[in-house]
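Here is the structure we will look at, set down as structure tokens.
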Amino acid sequence: MSDEDIQTLDRPTTARTTTPAPAETSPPSWLGPLLIVGIVLAALNLRPAITSLGALFEETRTGLGMSGTVAGLITSVPALCFAVFGVTAPRLSRRFGPVSVVCAGMAAVAAGLLVRPFATGAAGFLAASALSLAGIALTNVLLPVIVKRYFPDRVGTMTGLYSMALAAGTSLAAAATVPLTQALGGSWRTGLLVWASLALAAVLLWLPIARAARNADRAAAPAHPAAGAPRHTAAGPRIVRSRTAWALACYFGLQATGAYITMGWLPQIFRDAGVSASTAGVLLAVTMVMGVPLAFVIPGLAGRMKNQGAIAVTLGVFGLIGYAGLYAAPVAGAWAWALLLGVSNCAFPLVITMIGLRAKSPAGVVKLSAFAQSTGYLISIPGPLVVGTLYQHSGGWDLPLALMAALLVPQIALGVLAGRDRTIEDECGVRD
């Protein structure tokens, strides 16, 4: 990367000047490369708080004396926190800037992960988990904003990079938590505590990034008297007027529903069909690991296309074939169905990429990201519960699998609508 490229990355995309800024107010040359590393490290921390607990959930539940009701509540808390706290991201971003808020979000993740292993009851454990999830929610919303602001010509590539890191963090925590726990003495508290070190590393990296970004904003403000303030103070378009925003939110919700159902129930589907418990776990790991390479490939491809609807259709068709296979031959084609569902679940990096492409400005992206993710996570909450209820009352997987496949039909249609080449500013009548 050349010095000219780095300087381009360091400048907010909306800043326009005809006079070069004084040398002493220029952003440091290290900001661009360090920001790339910071984005990757932040993304690595977006799921271990959840998947590490899933790996040790039985031990945690027993150790804290949780009732079945409280345990069920904890499993539904992530999506609820993502929805509730994600809504606050636009206001915080306008007040403090997206980079500073992500830094604070990483600090919240680290604090929650440090505190919750020492909780003596379910209430304290739930509160500490909620603190970490609040930080994750803010970072979920604002990473697309930072990509749009500092990497406007590389939205697909950068989104792919952090989507791949997110998938890697998810898989790593799911696979490594139990072995690490056993290696460190066998205590579930130690097994959960170890992931705080990854979050602390992110905080240490984001502190100088946030300081440099804040100084750059302050230096840029006097050079643009017409704007009167850094760009992140802009309110952006009225998001609820945009059909594309609603399509993105509903698409996000349905893909999240499918992902949570897969993570929660796929091993049980295989076990009920006669697959061993250990093999069922490996099959789930295969499904999750598929997201690592594809999370990088899909955003890069989507970023080069004007219309991303074809990708949404392709991912949906893979899911339909996977569910049909689970219905017809769950054991004979188990590996194939796991792979196909892993591909289908890569709708997440696609929708994150589309969020960055469907708005012109960082202000638009932050509102679109918050709206799509908060609304989408609310939509996703009932899915795993409904599937569990259908499974319990029907005594098998025929009806739940039919529901999972049926949900892919509106998901495909919404993906086509969300993938059209238009922006929310155009739909809301906002001028450049």
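The numbering used here puts the sequence shown at residues -7 to 424. Glycine included, C-beta positions come from ideal geometry on N, C-alpha and C.
Integer Cβ distance of A35 from Y154, believed to fall under 8 Å: 4 Å
Own chain partners of G388 with C-beta closer than 8 Å, once the 5 adjacent residues on each side are dropped: D264
Three or more C-beta pairs below 8 Å linking the region 190 to 208 and the region 77 to 87: no
Rounded straight-line distance, which links the Cα of R350 to that of P90: 19 Å
7 Å Cβ shell around A188 - same chain, five flanking residues per side excluded: Excluding positions up to five away in sequence, the list reads A102, L105, L106.
Where G325 falls: helix, strand or coil (DSSP): coil
Counted within 10 angstroms of its Cβ, other Cβ atoms place P171 as buried (16 or more) or exposed: exposed
Rounded separation between V139 and L27 - CA only: 10 Å
Where the alpha helix (DSSP H) through M282 begins and ends: Counting along the chain, M282 falls outside any alpha helix (DSSP H), and DSSP gives it neither H nor E.
Contact under 8 Å by Cβ, Q300 with M346: yes
Which of helix, strand or coil DSSP assigns to I373: Residue state for I373 is assigned as coil, using DSSP reduced to three classes.
Beta-carbon spacing of I371, S68 below 8 Å: Against a cut-off of 8 Å, the Cβ pair of S68 and I371 comes out as no contact.
Outcome for P25 when other beta-carbon atoms lying within 10 angstroms are tallied against a minimum of 16: exposed
Cutoff 7 Å; reference A326; Cβ partners in own chain excluding five residues on either side: F262, V267, L275
Spatial distance of A167 from S121 (CA atoms): 20 Å
Spatial neighbours of L196 in its chain, beta-carbon cut-off 7 Å, leaving aside the 5 residues before and after: Counting only Cβ-Cβ distances below 7 Å, and skipping sequence neighbours, we find nothing.
Burial state of T54, where buried means 16 or more other Cβ atoms lie within 10 Å: So T54 counts as exposed.
Euclidean distance between Cα positions of V343 and Q365: 10 Å
Helix, strand or coil at Q174 [DSSP, three-state]: helix
Rounded distance between the beta-carbons of V147 and V358, thought under 8 Å: Between V358 and V147 a beta carbon distance of about 14 Å is seen, past the 8 Å cut, so the two are scored as non-contacting.
CB-CB length for R206 against S92, believed under 8 Å: Sure, about 6 Å apart at Cβ, within 8 Å.
Secondary structure of W257, DSSP reduced to three states: helix
Burial state of V281, where buried means 16 or more other Cβ atoms lie within 10 Å: By the neighbour-count definition (other C-beta atoms within 10 Å, threshold 16), V281 is a buried residue.
Buried or exposed by the 16-neighbour rule on C-beta atoms within 10 Å, applied to I416: buried
Chain C contact for G348 (CB, 8 Å cutoff): The structure shown contains no chain C; it holds only a single protein chain.
Per-residue burial, F110 [other beta carbons within 10 Å of its own, 16 or more giving buried]: exposed
Proximal residues to I253 (C-beta, below 7 Å), its chain only, five neighbours per side dropped: Counting only Cβ-Cβ distances below 7 Å, and skipping sequence neighbours, we find G375, P376, V379, M396.
Whole-angstrom C-beta distance between Y315 and L393, which should lie under 8 Å: 5 Å
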